[in-house]
Amino acid sequence: MPVPMICPCGTESPYEMCCGMYHNNPGTAPTAETLMRSRYTAFAIGDFQYIAATQKLEDEPDQDTADIQDSNEHTKWIKLEINATEDGLEKDKTGVVAFSAHFKEGKHIGRLNERSIFKKIKGQWFYIAGEHDIQKNTPLINSEAMNIGRNDPCLCGSGKKFKKCCAVA
1 MPVPMICPCG
11 TESPYEMCCG
21 MYHNNPGTAP
31 TAETLMRSRY
41 TAFAIGDFQY
51 IAATQKLEDE
61 PDQDTADIQD
71 SNEHTKWIKL
81 EINATEDGLE
91 KDKTGVVAFS
101 AHFKEGKHIG
111 RLNERSIFKK
121 IKGQWFYIAG
131 EHDIQKNTPL
141 INSEAMNIGR
151 NDPCLCGSGK
161 KFKKCCAVA
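Quick note on numbering: full-length UniProt numbering labels position 155 of the sequence shown as 155, and the sequence is numbered without any gaps.
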């Protein structure tokens, strides 16, 4: 799994100083939003063990790392947008994070909109459920609005130029 220089979660921080800290120490994310961002980054870089370690799914309690990898191995996560948060701070026991995650699968692009539900169990945040919808064939990235040029590094954190990575349809 390639480790990006800039964290894919959208903070524009170096990976090792952002989600990398939580990937190296599962169970240490201080808030529901931090856990959500670190889980998104884990999906983006293919760290499916971290995904499994940070969830206690109500609907699929037996889902394991192989199941997660099988359902995500052809998806390239491109951009994360946090839309809203409810509770989920260090003092809270539950939290909700609404987000949009842009993705690419083969030549198809889309956006996952989700309202994720988190619960703190014995001092550790876990993803427990989510309500989501998937919009297919959405605009991948509006490079003008995001002020990113073809030769700039890609926002997904791959280390490649934008034109050789996520700009390729």
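Beta carbons are placed, not taken as given, at the ideal position from N, Cα and C, and that holds for glycine. These numbers come from a predicted model, not from an experiment.
For Cys19, collect the residues of the same chain with a Cβ closer than 7 angstroms to its Cβ; drop the 5 residues on either side in sequence, then sort them by chain order.
Cys7, Cys9, Arg37, Ser38 and Thr41, listed in sequence order.
Which residues does DSSP list as the beta-bridge partners of Gly95?
Gly95 pairs with Asp87 and Phe118.
Enumerate in chain order the residues of its own chain whose CB-to-CB distance from Ile128 is below 6 angstroms, with the five nearest sequence positions on each side excluded.
Lys56, Glu58, Ile117 and Lys119, listed in sequence order.
Looking only at its chain, what residues have a beta carbon closer than 7 angstroms to the beta carbon of Glu86, apart from the 5 residues adjacent to it on each side?
Hits under 7 angstroms: Gly95 and Val96.
Count the other C-beta atoms from every protein chain shown that fall within 10 angstroms of the C-beta of Ala145, then say buried if there are 16 or more, exposed otherwise.
Annotation note: pLDDT 42 at Ala145 (below 50); position unreliable, coordinate value reported separately. Residue burial annotation: Ala145 is exposed, with fewer than 16 other C-beta atoms found within 10 angstroms of its C-beta.
Have a look at Ala32, Lys160 and Gly27 and flag the residue whose alpha-carbon is nearest the alpha-carbon of Leu89.
The shortest C-alpha separation from Leu89 is found at Ala32.
Suppose the cutoff is 6 angstroms on Cβ atoms and the five residues either side in sequence are ignored; what does the same chain contact list for residue 177 look like?
The structure shown does not extend to residue 177, since the chain is modelled only from 1 to 169, so the question has no answer here.
According to the neighbour-count rule (16 or more other Cβ atoms, all chains shown, within 10 Å of its Cβ), is Asp47 buried or exposed?
Buried.
Smallest Cα separation from Ile45: which of Gly27, Tyr15 and Thr28?
The residue among Gly27, Tyr15 and Thr28 with its C-alpha nearest the C-alpha of Ile45 is Tyr15.
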